[in-house]
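Colleague: I am attaching a structure below and will ask some questions about it afterwards.
Chains as they are written, first to last, in this note's numbering: chain A, 134 to 305; chain B, 9 to 424.
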């Protein structure tokens, strides 16, 4: 079934004609991270796609994946461009590298997911958290419900992991 | 190193095509004109520069992001009947792509001479740094992997690669700021530049943060303008009035692996241009050391740096030193964007950087040096403010076009 949602004043929608994206966000709606595992090579891929990026095959299952990883890069936005984000600055967009399948199938490959740093409840992180996170920070996935059976994956500092001193933009 | 097989046949076109005319409108932030009006002016200026008549131009190409006027309208206004035209969707990296495609069209016998233009109200019309590529209220599935997280503008989109470069290589904000500083030196000697004042590293770092790692002055200025250049065969180029800029090698829109979402395949700091390095220099028959002047696309100060690394002007990780040690400054060993680029002269999605290098190769880039008895500018090579910007004995130029981190294009030319 098509998904419809609302987030920060934006209307979100995924139509029935888009089965891969639909499946990904339906699993998110159940607060589970699942990615396509391709039958031909056993690899997981992100973002959802029509075929395996390594061989073009299409047979796959939606495999459960642990929602833990490391911030490998980030952007701290002070001048929001997206109208929905005016008044929410500064906020962090994160590039999170999952622990699962890191460095596979080749050295520079990994499952890297874009999201925001949020509170455990899914709200954009307050200033003190924004200034505490950086490259190297450990994060875990949280889900923000945006509609019936529809949620967005987000990331919060993982209090169960040992947190290294993160790298941040000099002087920030 | 990239594992592409080099197409041997591409070398056979080396030197056989040239840019014979260039032109533009003023750069402003309030043109008060249509893209049709500006486009006609730019194409007409390029034709006048070449000394070419309407019946000698039979091809036209343009690029746009649904913000401009098609070739058929511009050609009609100018009395040009087209044997070939093609308007493509795209911003940065498109001009090099179209130059290559123009060569292909001529080579295929589809036409003889192609005018390529970009006309845009980049400040008062569609703004890339406005809602960018995904700021609408209705969000489709593709926006759920970036824009939904407030990653909507080019700055926000490219920042992870820039930030990671600082982390991995210790690249400093001061080093990056030098790109703006040195481009402003060129702009101060260019009466067309929208921002013609020289700035300092302190000015850049004191300007407000847009999104770390980018300050306002690390970002290009969005402007209203049109630009045009004209491509024809080297044989035909001799019929026209300017010293031709001959095309040695051209690459269009090569991508990183996983072009569906390039961040899946690192290194995160690597840009699309990296994968064209071998092909470009092989096609051109020379290497980066032989290049006298570069036009590395400066949507942001950082894009210039990453592309200079990608094409081997310096080693990966050494971009910070390369852009800050004076090499890319006027009077340096290999100046970059001597007109001021997008950071200072104006925003054209790349074509003004090619036009500047065409003028550099003609040895006619100066606007302020005294005019000699032969009617030409006598270059002083005094690069102080309001002075010369001609690179001494410029013979070879390289333009490095940026579309995104994922996609790049390139063009190598020689004096002709």
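Ideal Cβ positions, reconstructed from N, Cα and C, are used throughout, including at glycine.
Tell me which residues share the same chain as residue 8(B) and place their Cβ nearer than 6 Å to its Cβ, disregarding the 5 neighbours each side in the sequence.
Modeller: No answer is possible for residue 8(B): the residues shown for chain B start at 9 and end at 424.
Colleague: Which of helix, strand or coil does DSSP assign to residue 173(B)?
Modeller: To locate residue 173(B), count along the second chain from 1; it is residue 165. Looking at residue 173(B) - three-state DSSP - the assignment turns out to be helix.
Colleague: Using a beta-carbon distance cut-off of less than 7 Å, what residues from the stretch 210-241 of chain A approach chain B?
Modeller: Residues passing the 7 Å Cβ filter: 210, 211, 212, 213, 214, 215, 216, 218, 224, 226, 228, 241.
Colleague: Go ahead and pull the three-state DSSP assignment for residue 330(B).
Modeller: Locating residue 330(B) in the second chain gives position 322, where the first residue counts as 1. The answer is helix: DSSP assigns residue 330(B) an H, G or I state.
Colleague: Pair every Cβ in the stretch 390-398 of chain B with every Cβ in the stretch 321-336 of chain B, then say whether three or more of these pairs are closer than 8 Å.
Modeller: No, the stretch 390-398 of chain B does not touch the stretch 321-336 of chain B.
Colleague: Note down, in chain order, all residues in the stretch 410-422 of chain B with a beta-carbon under 9 Å from any beta-carbon belonging to chain A.
Modeller: Going along the stretch 410-422 of chain B in chain order, one finds no residue with a Cβ nearer than 9 Å to chain A.
Colleague: Would you mind giving the Cβ-Cβ distance between residue 108(B) and residue 410(B), rounded to the nearest angstrom? I have them listed as a contact below 8 Å.
Modeller: Within the second chain, residue 108(B) is the residue found at index 100, counting from 1. Within the second chain, residue 410(B) is the residue found at index 402, counting from 1. 16 Å between Cβ atoms; not a contact.
Colleague: Name, in chain order, the residues that DSSP records as bridge partners for residue 248(A).
Modeller: The sequence position of residue 248(A) within the first chain is 115, counting from 1. According to DSSP, which records beta bridges pairwise, residue 248(A) is partnered with 227(A).
Colleague: Listing by chain order, which chain B residues have their CB less than 7 Å from the CB of residue 278(A)?
Modeller: Working through the first chain from its first residue, we reach residue 278(A) at position 145. Chain B residues near residue 278(A): none, gap ~14 Å exceeds 7 Å.
Colleague: Pick out whichever of 235(A), 261(A), 209(A), 179(A) has its Cα sitting closest to the Cα of residue 217(B).
Modeller: Taking the first residue of the second chain as position 1, residue 217(B) is located at position 209. When only C-alpha atoms are compared, the closest one is 209(A).
Colleague: If you reduce the DSSP assignment to three classes, tell me which class residue 495(B) lands in.
Modeller: Residue 495(B) falls outside the range modelled here, since chain B spans only 9 to 424, and no answer is possible.
Colleague: Short check: CB of residue 68(B) to CB of residue 76(B), under 8 Å?
Modeller: Start at 1 with the first residue of the second chain, and residue 68(B) comes out as number 60. Start at 1 with the first residue of the second chain, and residue 76(B) comes out as number 68. For residue 68(B) and residue 76(B), no; Cβs fall outside 8 Å.
Colleague: Exposed or buried, what is residue 306(B) when buried is set at 16 or more other beta-carbons lying within 10 Å of its beta-carbon?
Modeller: Taking the second chain and counting its residues from 1, one reaches residue 306(B) at position 298. Residue 306(B) is buried by the Cβ-count criterion.
Colleague: At a CB-CB cut-off below 9 Å, which residues of chain B make contact with residue 274(A)?
Modeller: Numbered from 1 along the first chain, position 141 holds the residue referred to as residue 274(A). Residues of chain B passing the Cβ test: none, with the nearest at roughly 13 Å.
Colleague: What residues are listed by DSSP as bridge partners for residue 382(B)?
Modeller: Here residue 382(B) is taken as the residue at index 374 of the second chain, counted from 1. None; residue 382(B) has no bridge partner.
Colleague: Compute the Euclidean distance between the alpha carbons of residue 344(B) and residue 304(B), then round it to the nearest angstrom.
Modeller: Taking the second chain and counting its residues from 1, one reaches residue 344(B) at position 336. Taking the second chain and counting its residues from 1, one reaches residue 304(B) at position 296. Rounded to the nearest angstrom, the two C-alpha atoms are 7 Å apart.
Colleague: Is residue 114(B) helix, strand or coil when you go by DSSP?
Modeller: Locating residue 114(B) in the second chain gives position 106, where the first residue counts as 1. The answer is helix: DSSP assigns residue 114(B) an H, G or I state.
Colleague: Specify, as a first and last residue, the run of the beta strand (DSSP E) that residue 197(B) falls within.
Modeller: Counted from its first residue, the second chain places residue 197(B) at position 189. Looking at the DSSP string, residue 197(B) is not in any beta strand (DSSP E), and its letter there is neither H nor E.
Colleague: Rounded to the nearest angstrom, what separates residue 302(A) and residue 268(A) at their Cα positions?
Modeller: Taking the first residue of the first chain as position 1, residue 302(A) is located at position 169. Taking the first residue of the first chain as position 1, residue 268(A) is located at position 135. The alpha-carbon atoms of residue 302(A) and residue 268(A) are separated by roughly 9 Å.
Colleague: Strictly below 7 Å CB to CB, what residues from chain A border residue 161(B)?
Modeller: Here the question's residue 161(B) lines up with position 153 in the second chain. Going along chain A in sequence order, the residues near residue 161(B) (Cβ under 7 Å) are 214.
Colleague: Given a cut-off of 8 Å on the beta-carbon distance, is the pair residue 54(B) and residue 238(B) in contact?
Modeller: Counting from one through the second chain, the residue named residue 54(B) turns up at place 46. Counting from one through the second chain, the residue named residue 238(B) turns up at place 230. Their beta carbons are under 8 Å apart, which means residue 54(B) touches residue 238(B) by this criterion.
Colleague: What residues from chain A crowd round residue 271(B), counting only those whose CB sits closer than 7 Å?
Modeller: As a working mapping, residue 271(B) is identified with position 263 in the second chain. Near residue 271(B) (Cβ distances below 7 Å), the residues of chain A are 228, 245.
Colleague: Which chain A residues sit within Cβ distance under 7 Å of residue 266(B)?
Modeller: Sequence index remark: in the second chain, residue 266(B) carries index 258 (1-based). Near residue 266(B) (Cβ distances below 7 Å), the residues of chain A are 186.
Colleague: With C-beta atoms as the reference, is residue 385(B) less than 8 Å away from residue 197(B)?
Modeller: Locating residue 385(B) in the second chain gives position 377, where the first residue counts as 1. Locating residue 197(B) in the second chain gives position 189, where the first residue counts as 1. Their beta carbons are not under 8 Å apart, which means residue 385(B) does not touch residue 197(B) by this criterion.
Colleague: Nearest to residue 212(B) by alpha carbon, out of 232(B), 233(B), 190(B)?
Modeller: One-based indexing of the second chain puts residue 212(B) at position 204. That would be 190(B), whose Cα lies nearest to the Cα of residue 212(B).
Colleague: List the whole-angstrom C-beta distance separating residue 185(B) from residue 147(A), where the pair is believed to meet the contact cut-off of C-beta under 8 Å.
Modeller: Within the second chain, the letter at position 177 stands for residue 185(B). Within the first chain, the letter at position 14 stands for residue 147(A). Contact flag wrong, Cβ pair sits at about 42 Å.
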